[in-house]
Every structure is written in structure tokens, then in C-alpha cells.
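Data block below; observations after.
Protein chains in written order, with my numbering: chain Y, 7 to 120; chain C, 373 to 488.
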């Protein structure tokens with residue numbers, strides 16, 4: 007079975023500072039990896055995804071993530087955050103060969119302070 | 373292009389009452405998902421439809437939950453009777469063919485259910 011761990015439930019950061027949101031996964035088979043963002047009272051929106059190829063993936067809103075197979079990690083980064091980045095961020099996996107079933111982590115609240 | 377539409381956005385009911393949620397996916401998306409999101413948790417899949425067929429309902433509590441997607445477009449999720457523990461956000465998502473893993477799932481805003 008697959009699982010996703012987001013150890014940080016909340017990450018406070020000042021505006022214009024860099025940020026890293028951590029995601030580790032567990033799987034005995036190859037996976038696809040995703041980061042979704044959820045703004046208050048809204049549905050989830052895809053930030054970026056890793057399917058294959060380059061391990062550094064760039065997404066929307068200036069976010070990027072790096073797939074590290076040996077460490078089973080897919081950490082999300084942004085070099086300079088804005089107040090508008092305040093939201094809940096979810097890491098998710100789906101299994102190669104399976105039909106798009108997403109398994110989500112528990113989420114990390116990014117709280118950007120002025 | 374309109375996104376995934378869900379209604380109602382908020383629902384408050386007494387325990388043991390029935391409740392229903394409606395979802396209209398993005399036009400042309402034949403795969404539809406219902407997720408349950410408890411407070412402080414990530415979404416968990418309840419059921420997935422390919423057109424009219426429920427192809428993965430292993431996580432749906434069938435004693436009180438039911439779902440349908442009669443014409444392969446919009447869908448309804450029902451709870452009867454509701455229990456206090458059903459208080460959560462119910463998310464609907466849709467995607468193109470699910471047999472292409474990695475296809476983006478587009479989420480609606482969710483229905484926040486409160487059971488008193």
C-alpha cells in the first residue's frame with residue numbers, strides 16, 4: 007500500500023522569504039507525485055506533478071519540486087513567498103498502472119506573514 | 373470554461389436526517405470522483421465513476437452512503453441517515469480518461485456538511 011507523510015502541519019514564514027514544504031512517500035512500486043493547493047473555502051488546484059523525466063518539476067505560481075527516489079521525497083519549494091500563497095498544500099501519489107487513484111497526505115498550512 | 377460545480381456549498385442537518393450532494397463535472401470529463409475531507413486531513417476517495425459505471429467504490433460506507441451517475445454526466449451522493457461523524461467536506465472532482473494516470477483531477481469547491 008502507498009502512503010504520504012507531510013510532517014509539518016503548519017509552516018509560518020515571512021513574506022519574500024524562501025520556503026520548503028516537505029513530503030515523503032512510501033510505496034513498493036513506482037509512483038506519480040503531485041502537489042495540490044487549497045485556498046480557504048475552495049477546492050484543490052494542481053500546482054505541479056512528476057510523471058517521469060527530469061526530477062526537477064516547475065509548476066504554477068513560481069513553485070517547484072524535486073523528486074528524490076533514494077529518499078522517497080518530493081519537497082515543494084518557492085524562493086520568495088507572497089501573502090497570497092497562504093493556503094493548505096497537499097502532496098499526493100498515484101501508482102503507475104493504476105487508474106489515477108490519488109492518495110493524499112494530511113496537508114501543510116503555509117502561513118505567510120507580512 | 374466552467375469548472376466543477378457542486379451544490380449546496382453548505383448544509384446543516386440534524387443527525388438521522390438524509391442529505392444529498394450534487395456535482396456537475398467539467399464538460400467532456402468522463403471520470404468523476406467523490407472525496408471525503410475531514411478537518412485537518414487530506415481528501416480520501418469514496419467512489420470513482422467511469423461514465424455511468426462505479427468502478428471503485430471500495431471506500432464507500434454502503435450501509436448509509438449511496439451514489440449515482442445515471443447519464444454519465446452529473447452525480448449525486450446521498451447519506452441516509454446522517455451521523456455526527458459524517459460532518460466533513462465532500463469534494464467532487466473530474467478528469468479525462470482515468471486510464472491515463474497523471475491526468476489532472478479538477479476539484480469543485482466542496483460541500484461542507486455539519487451534522488448536529
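Glycine included, each C-beta is placed from N, C-alpha and C at the ideal position.
Please read these numbers as outputs of a predicted model, since none were measured by experiment.
- As summarised for the stretch 415 to 464 of chain C, the continuous beta strand (DSSP E) elements at least 3 residues long and confined to that stretch are 416 to 422, 425 to 428, 437 to 440, 447 to 451, given in chain order.
- Look at residue 445 (chain C): its C-beta is not under 8 angstroms from any C-beta on chain Y.
- As DSSP reads the structure, residue 94 (chain Y) sits in a beta bridge with Y:44, Y:115.
- Around the beta-carbon of residue 109 (chain Y), 16 or more other beta-carbon atoms lie within 10 Å, marking it buried.
- In the structure shown, residue 398 (chain C) falls within a coil segment according to DSSP collapsed to helix, strand and coil.
- Secondary structure at residue 74 (chain Y): strand, using DSSP grouped into helix, strand and coil.
- Residue pairing by DSSP places residue 81 (chain Y) opposite Y:72 in a beta bridge.
- Here residue 67 (chain Y) carries a helix assignment [DSSP, helix/strand/coil].
- Secondary structure note for residue 89 (chain Y): it is in no beta strand (DSSP E), with a DSSP letter that is neither H nor E.
- In this structure, C:421 is the residue among C:460, C:381, C:387, C:421 with its C-alpha nearest to the C-alpha of residue 466 (chain C).
- For residue 377 (chain C), the closest Cβ of chain Y is not nearer than 8 angstroms.
- Contact annotation: in the stretch 400 to 422 of chain C, residues whose CB is within less than 9 angstroms of a CB in chain Y are 403, 405, 407, 409, 412, 413, 414, 415, 416, 417, 420, 422.
- Take residue 24 (chain Y), set aside five residues on each side of it, and the residues of its chain with a beta-carbon closer than 6 angstroms to its own are 85, in chain order.
- Residue 54 (chain Y) counts as buried, since no fewer than 16 other beta carbons sit within 10 angstroms of its beta carbon.
- Contact annotation: in the stretch 62 to 79 of chain Y, no residue has its CB less than 7 angstroms from a CB in chain C.
- From the listed residues Y:100, Y:87, Y:99, the smallest Cα separation to residue 26 (chain Y) is found for Y:87.
- Under the three-state reduction of DSSP, residue 380 (chain C) is assigned to coil, being neither helix nor strand.
- Contacts with chain Y at 8 angstroms (Cβ-Cβ) include residue 481 (chain C).
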